[in-house]
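Note sheet for the following structure.
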Amino acid sequence: MGTAQPAPSTRQQGQRAEALALAHLQAAGLHLVERNYRTPGRGGGEIDLILRDRDGTLVFVEVRSRASQAFGGAAASIGAGKRRRIVLAARHYLMRWPAPPACRFDVVVVDGGTRAPQLQWLQAAFDA
362 MGTAQPAPST
372 RQQGQRAEAL
382 ALAHLQAAGL
392 HLVERNYRTP
402 GRGGGEIDLI
412 LRDRDGTLVF
422 VEVRSRASQA
432 FGGAAASIGA
442 GKRRRIVLAA
452 RHYLMRWPAP
462 PACRFDVVVV
472 DGGTRAPQLQ
482 WLQAAFDA
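Going by our numbering, the first residue of the sequence shown is number 362, and it counts up by one from there.
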């Protein structure tokens, strides 16, 4: 008899989803610039992945995962407040660039948990 493995924590699930998303985006030709960029201070934002597309566009990626499609799945969990915090973090990140490149905001949705994750890449999912 084997021992049952404890269910992965929410943080572990998020890290797995980010790893899946990163592998998918890199296979599509994007190059990682930074991972888990956070703005300083309370109430700031975080960007899960920052990548560079083939055409030079800087891509800010939010990765969302949900074990089930209940309540709209992972895509439905990105509300206006979350989008606002991502844009704030992106603006903070771009302050270091003397001439910021073209940018876009993508979302990678991972639904289905760890057994059979379904990945969907939504390019230009929202605007700043």
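Think of the CB as a built atom: it goes at the ideal place given N, C-alpha and C, for glycine as much as any other residue.
query: I need the boundaries of the alpha helix (DSSP H) containing Arg372, first residue and last residue.; result: 371–388
query: Out of Gln373, Val470, Ala450, Gln484, which has the shortest C-alpha to C-alpha gap to Ser426?; result: Val470
query: Count the other CB atoms, across all protein chains shown, that sit within 10 Å of the CB of Asp467; report buried if there are 16 or more and exposed otherwise.; result: buried
query: If you drop the 5 nearest sequence neighbours on each side, which residues of the same chain put their C-beta closer than 6 Å to that of Gly473?; result: Gln479
query: How far does the alpha helix (DSSP H) with Ala451 in it reach, from first residue to last?; result: 441–455
query: Does the separation of the CB atoms of Arg396 and Gly405 fall below 8 Å?; result: no
query: Round the Cβ separation of Val424 and Asp414 to the nearest angstrom and send it over; I've been treating them as touching at under 8 Å.; result: No, Val424 and Asp414 are not in contact; Cβ-Cβ is about 17 Å, not under 8 Å.
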